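S.K.: There's a structure below that I have some questions on.
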Amino acid sequence: MSHAFSVNLERFSGPYFKLLELIEERKLSINEFSLSQITDEYITYIKDLENKGEKDIVDISQFISVASTLMLIKAKSLFPNLEYTEEEKEAVNNLEKKLELYKIMLEASKKVNKIYSKEVLSSISKFENNESVFVWDNRVNSTFLHSVAIASLLKIPKKEKLKQVAVRQVLKIEDVIEKLLERVKVSFSLSFRDFSKSMSNEVGSFEEKKSAFIISFLAMLELIKNGLLSAEQTGDHNEINISNIENKELETVI
Amino acid sequence: METQNNGSNTNILEQISGILFLYNDSITISKIEEILANENKIKKEDFENIFEELNLKLSSVGLTLIKKDNKDFEEIELTIAVKKDLSYIAKKIKKDELEGDLTPASLQVLTICAYLGHTTKNEISFIRGIQSAQSIRSLSSRGLLKKEGEKYSLSIEAMQELGITKLDDLPEYEKIKQDFEERLKEVLKEE
């Protein structure tokens, strides 16, 4: 059981690995544009992680925290009018820089892999037979053996406590999408502002509300993309009306 | 016992190679001095010459020195090994005990330790964006990482496994190291 656990953990390469993979698949360089291009796919990837129950193995909050910055970038790409706050600007900038750093490390690791275990400089010690032998001498009595046993027990590595969740998960994307669907089923047509307001009432701080807003927005885009919702904006800066596409009457209303 | 050095390094060369041969493991300068007692203190300014001369002599009989530099002269580690050109011989002899490849995660951790030198568990996890304790533990248990205090670096065994006699022999060492350090500093500044 614990063995399977460790193997699974080793398999994971973390959020930056996935991001870089998505960017490089598209032959893009690391910048805001490329990040906005891969947001959807990255979100899908996290959802898969959640569905497979991998979140029990890997700390999904590390993925989510990257996702929230990505959503911000995506929102900005869709709404150029949206101004980043200082903090947000830093988060975006920081993500780009950390990705650059990660990339250098990854490229270097490929070079290291090419020479690893290829032309080994062997020493005598490598061929030594390390089998331990027990030699009885006059120190050996029950007290001595007992003290040795205690000493070896103390040397057994203790299970390290992993750092608990670095970033709190505000909302799950699924939850948001589900709530959005429910709302739309009940009410005829709904404005995005109302909806996101009702979402952000559920969580606490300003920061959390803001990310709840962004998650709602992306959830809405997701549903529109999947054809479950229809959205209409009658003019610049006007409210966005959302409605359920399954209901044909609604369709004509919009 | 000859304590006269008559201007040549012969005596100390023989002593060091003897110690390296017998010690069967990497050894620090301070440990070598401890074994030699006060008989032959290694002077910092002489060390490079001694090292080069011994390396040259060993090279003519299929051996090489591996040196892991350290800011602290006394902590420089040395070991004696079979030259790269002869690695095929070692492969034949230890066919059965070939260790498996590294996982991508372990490879990344090893790379960070190789180019950054002394680095902490937190720094490694920070760069990788994911908890790396598991990989660090697995590399340490394979003897590929050396831990001093909270800091990890490549062990001499790892250098042997990579076929390098000094850290400078790593691919594009200076360039990657500099790039790596600068960018890390930049990101940390903003955290």
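Residue numbers (my numbering), protein chains in the order written: chain A, 1017 to 1270; chain B, 340 to 530. For glycine and all other residues, C-beta sits at the position ideal for the given N, C-alpha and C. No experiment lies behind these values; they were computed from the predicted model shown.
1) Looking at chain A, which residues of the region 469–485 of chain B have a Cβ within less than 7 Å of any of its Cβ atoms?
2) Evaluate the contact criterion for the region 383–403 of chain B versus the region 1102–1116 of chain A: three or more CB pairs, one atom per stretch, below 8 Å.
3) Looking only at DSSP bridge pairs, what is A:VAL1108 linked to?
4) Can you pull the chain B residues whose beta carbon is under 8 Å from the beta carbon of A:GLU1041, in chain order?
5) Give the DSSP-derived three-state secondary structure of B:LYS490 in the structure shown.
6) Throw me the rounded Cβ distance for the B:ARG522 and A:GLU1040 pair, which I believe falls under 8 Å.
7) Does the region 1087–1100 of chain A come into contact with the region 1050–1064 of chain A, if we say contact requires no fewer than three beta-carbon pairs (one atom in each stretch) closer than 8 Å?
8) To the nearest angstrom, report how far apart B:LYS514 and A:ASN1154 are at their CA atoms.
9) Does DSSP put B:GLU413 in a helix, a strand or coil?
10) Under three-state DSSP, which class holds B:ILE405?
11) Against chain A, with Cβ distances strictly below 8 Å, would B:PHE390 count as a contact?
12) Grouping DSSP H, G and I as helix and E and B as strand, with all else coil, what is B:VAL421?
13) Taking the DSSP output, what are the residues bridged to B:ILE366?
14) Going by alpha carbons, who is nearest to A:LEU978 out of A:TYR1058, A:ARG1042, A:LEU1094?
15) With 8 Å as the threshold, decide whether the Cβ of A:GLU1057 is near any Cβ in chain B.
16) Taking B:LYS383 as the reference, give the member of B:LEU397, B:SER445, B:ALA420, B:ILE415 with the closest Cα.
17) Would DSSP call A:THR1101 helix, strand or coil?
18) Give me the residue from B:LEU527, B:ASP440, B:THR442, B:THR403 with the minimum Cα distance to B:LEU425.
19) Please confirm whether B:GLU525 has its beta-carbon closer than 8 Å to some beta-carbon of chain A.
20) Checking 8 Å against the spacing of the C-beta atoms, do B:THR459 and B:LYS486 come in under that value?
21) Candidates B:ILE466, B:ALA420, B:LYS407: which alpha carbon is nearest A:LEU1111's?
22) In terms of DSSP beta bridges, what is B:LYS485 paired with?
23) Hey, how far is the Cα of A:ALA1124 from the Cα of B:LEU501?
24) Alpha carbon to alpha carbon, what distance is there between B:ILE503 and B:ILE351?
25) Taking 8 Å as the threshold (C-beta atoms), are B:SER474 and B:SER494 in contact?
26) By DSSP's criteria, B:THR459 is part of a beta bridge. Which residues make up the other side?
27) For B:ASP385, which three-state DSSP category applies?
M.R.: Result, derived from the coordinates:
1) Residues of the region 469–485 of chain B that bring their beta carbon within less than 7 Å of a beta carbon in chain A comprise ILE469, GLN470, ALA472, GLN473, SER474, in sequence order.
2) no
3) Paired residue(s): none; A:VAL1108 is not in a bridge.
4) Under the 8 Å cutoff, chain B gives no residues; its nearest Cβ is about 17 Å from A:GLU1041.
5) strand
6) Contact doesn't hold; Cβ gap of about 18 Å is too wide.
7) yes
8) 59 Å
9) In the structure shown, B:GLU413 sits in a helix (DSSP, three-state: H, G or I).
10) strand
11) no
12) strand
13) B:LEU417
14) Chain A is shown from 1017 up to 1270; residue 978 of chain A falls before or after that span and cannot be answered.
15) no
16) B:ILE415
17) In the structure shown, A:THR1101 sits in coil (DSSP, three-state: anything other than H, G, I, E or B).
18) With distances taken between Cα atoms, B:LEU425 lies closest to B:THR403.
19) At least one chain A Cβ lies under 8 Å of B:GLU525.
20) no
21) Ranking the options by Cα distance to A:LEU1111, first place goes to B:ILE466.
22) B:SER492
23) 13 Å
24) 25 Å
25) Annotated as distal: B:SER494 and B:SER474, with beta-carbon spacing of 8 Å or more.
26) B:LYS490
27) helix
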